[in-house]
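Note that UniProt numbering has the sequence shown beginning at 1, numbered continuously upward.
Here's the structure we're looking at; comments come further down.
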Amino acid sequence: MTQDSTSRNDTLFARAQQTTPGGVNSPVRAFRSVGGTPRFITRADGPYFWDADGKRYIDYIGSWGPAIVGHAHPQVIKAVQDAAAKGLSFGAPTEGEIEIAEEICKLVPSIEQVRLVSSGTEATMSALRLARGATGRDKIVKFEGCYHGHADSLLVKAGSGLLTFGNPTSAGVPEDFVKHTLVLDYNNVPQLEDAFESMGDTIACVIVEPVAGNMNLIRATPEFLQRMRELCTEHGAVLIFDEVMCGFRVGLGGAQEMYGISPDLTALGKVIGGGLPVAAFGGRAELMQKMAPLGPVYQAGTLSGNPVAVAAGMTTLKLVQEPGFYEKLGAAAERLVAGLTAAAKEAGIPFCGDAVGGMFGFYFSNSVPSTYAQMMAGDKERFNRFFHGMLDEGVYFAPAMFEAGFVSAQHSDAVIDETIEAARRVFKRIG
Ligand code: PMP
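Structure follows, in structure tokens:
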């Protein structure tokens with residue numbers, strides 16, 4: 001396996017491992033799936049970041065989604081600096097929180113009221129609690145390969161880093177918790193119908209990534225989501241769209257606008273914080289009013305709605321509303337996928353790709369997967385060689401075959417074409 005000489009990265013990784021488990025603060029950063037030394041990042045600008053050796057990379061993870069307007073966007077940085085100068089956190093409400101809530105309610109069709117939290121994990125965990133509290137039921141339905149953060153009930157057959165580690169679930173999650181979690185196959189309508197047929201009146205909610213980005217990129221079929229909506233309505237279950245990744249990423253109104261389907265609750269994160277910790281859950285007002293202090297479902301946070309983070313998020317939400325933003329973002333992702341596919345074909349390598357708005361996936365297989373099992377059948381060894389080849393060339397893709405990729409508004413045609421040229425060289429080497 002090719003690898004750069006990464007002297008300073010190596011030194012930092014060795015040092016990090018002394019005080020931090022695995023040397024990282026979130027598992028997928030550790031390169032466990034692809035092998036080699038993680039790059040320690042020192043700064044970022046637009047579509048690029050630089051590692052501790054001063055090497056520049058074209059960045060296709062964008063902080064795993066938040067960096068949609070490009071890194072260190074001057075307006076976002078200024079908003080953060082202005083907010084920080086006024087104080088970092090108050091533990092009392094601010095007008096900025098009202099503004100971002102109004103903006104989210106305006107932009108996401110199904111959200112009438114929203115509560116801000118600090119991570120996607122908190123957003124889905126709280127949405128789940130609300131669904132259970134509102135229905136008085138315990139059972140939840142999730143789908144294999146969908147990742148919804150690391151709350152206990154949701155760590156069953158989840159995607160992302162858990163696929164990397166081959167853990168179907170995590171140690172430390174009591175059987176008693178997960179016995180209420182029913183895991184079904186993504187895009188399998190008959191199975192979902194069977195589940196509702198046999199236990200519909202005990203299901204509190206169905207939670208789904210409507211565009212899945214944690215088992216590489218897999219789109220839900222419209223029928224799958226439509227039937228899910230119907231079954232939830234019929235049986236009084238709450239439908240939760242986890243749009244932490246696809247919200248404000250596949251389009252301004254998220255996946256729900258794209259598919260024309262209204263969930264009862266939505267989880268958001270990533271883009272709405274613009275690189276600082278803001279996430280949210282929201283939905284129908286009648287449901288949201290079951291939250292404390294109005295209702296019996298408890299949830300809270302010292303840093304929830306943090307003024308500096310909200311300033312970054314609000315500025316980002318304004319920037320994505322500029323005319324043509326999503327057209328440009330989508331065109332960049334499509335140009336990348338088409339160029340990579342053509343380059344792989346020239347080298348005779350089985351390869352295909354897909355893009356939804358500013359999110360993309362590529363697969364070392366002959367057809368775009370629509371299930372977790374199909375995605376897992378991709379050629380992992382070849383992916384790993386490709387990943388390292390590209391890293392050598394100064395292109396940073398997600399360090400695991402199981403993750404979607406992201407472009408930003410700063411990924412110009414020239415940047416994409418530079419990536420494709422690099423891929424052409426790498427495909428030849430790994431063919
Ligand atoms: N839901 C989805 C769909 C995600 O992609 C993620 C994170 N990648 C989460 C929830 C959890 O978000 P966080 O890492 O902010 O806790």
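We treat Cβ as the ideally placed atom computed from N, Cα and C, and that holds for glycine.
- Residue 240 and residue 132 have their C-alpha atoms some 12 Å from each other.
- Your pair residue 103 and residue 283 does not check out as a contact, with CB atoms roughly 16 Å apart and the cut at 8 Å.
- In this structure, the straight-line span from the alpha carbon of residue 342 to that of residue 420 is close to 9 Å.
- In this structure, residue 31 lies away from residue 216, with their beta-carbon atoms at least 8 Å apart.
- Distances between the C-beta of residue 147 and the heavy atoms of the ligand PMP include at least one below 7 Å.
- In this chain, the beta strand (DSSP E) harbouring residue 141 covers 139 to 143.
- When only Cα atoms are considered, residue 361 and residue 406 end up about 9 Å apart.
- Counting only unbroken stretches of 3 or more residues, the beta strand (DSSP E) elements lying wholly within the stretch 155 to 205 are 181 to 184, in sequence order.
- The residue from 33, 315, 245 with its alpha-carbon nearest to that of residue 147 is 245.
- The residues 256, 262, 263, 266, 283, in chain order, have a CB closer than 7 Å to that of residue 110 in the same chain once the five nearest residues on each side in sequence are set aside.
- The alpha-carbon of residue 237 is positioned some 13 Å away from that of residue 193.
- Ranked by how close their Cα comes to the Cα of residue 416, the residues 394, 404, 143, 431 have 394 in first place.
- Here residue 276 is near residue 308, since their CB atoms are less than 8 Å apart.
- Shown here, residue 266 sits in a strand according to DSSP, grouped into three states.
- Taking 8 Å as the upper bound for CB-CB distance, residue 24 and residue 399 are not in contact here, some 11 Å apart.
- Within the chosen limit of 7 Å, the ligand PMP reaches the beta carbon of residue 120 through at least one heavy atom.
- Residue 120 places its beta carbon 8 Å or farther from that of residue 348.
- For residue 138 and residue 157, the gap between their C-alpha atoms comes out near 19 Å.
- Distances from the alpha-carbon of residue 385 to those of 35, 15, 76, 323 put 35 closest.
- Relative to the Cα of residue 363, the nearest Cα in the group 378, 356, 372, 370 belongs to 378.
- The beta carbon of residue 12 sits closer than 6 Å to those of 40, 52, all from its chain and outside the five residues before and after it, given in chain order.
- The beta carbon of residue 195 is closer than 7 Å to those of 141, 182, 184 in its chain, skipping five residues each way along the sequence.
- By the Cβ rule, the stretch 73 to 89 does not count as touching the stretch 218 to 230, because fewer than three pairs are nearer than 8 Å.
- Residue side-chain check: residue 152 keeps its Cβ at 7 Å or more from all non-hydrogen atoms of the ligand PMP.
- For a cut-off of 8 Å, the C-beta gap from residue 178 to residue 153 is around 6 Å, short enough to register as a contact.
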